[in-house]
Amino acid sequence: MNKVIKLSRNFLLALKDSNRDFTQGNISKAIILLSVPMVVEMIMESIFAVADIFFVSRLGHEAVSAVGITE
């Protein structure tokens, strides 16, 4: 249970906007703090792609193919 609490604190800390020196301290904590925003950004980009294909799908298969290639 202690690890879950520690991980959730690190997750919330990664989402906060703060200036940190990642060259000091625990390397695994620094990796988590740097990777969480990138993972969240990739999830948001995937949701955008799905929504884009949903609305473009009304135009036809060719339009969906074009969006799929550009994504």
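Read left to right, the sequence shown gives residues 3 to 73 (the working numbering).
The beta-carbon is built from N, C-alpha and C at its ideal position, and this holds for glycine as well.
Treat the numbers as computed from the prediction; the structure is a model and nothing was measured.
Residue state for E73 is assigned as coil, using DSSP reduced to three classes.
For K5, the enclosing alpha helix (DSSP H) begins and ends at N4 to L17.
Bounds of any alpha helix (DSSP H) do not take in F24, whose DSSP letter is neither H nor E. With respect to V52, V58 sits apart: the two C-beta atoms are not nearer than 8 Å. Around the Cβ of A68, a 10 Å sphere holds fewer than 16 other Cβ atoms; the residue is exposed. About 6 Å separates the CB atoms of V38 and F13; that is less than 8 Å, so the two are in contact.
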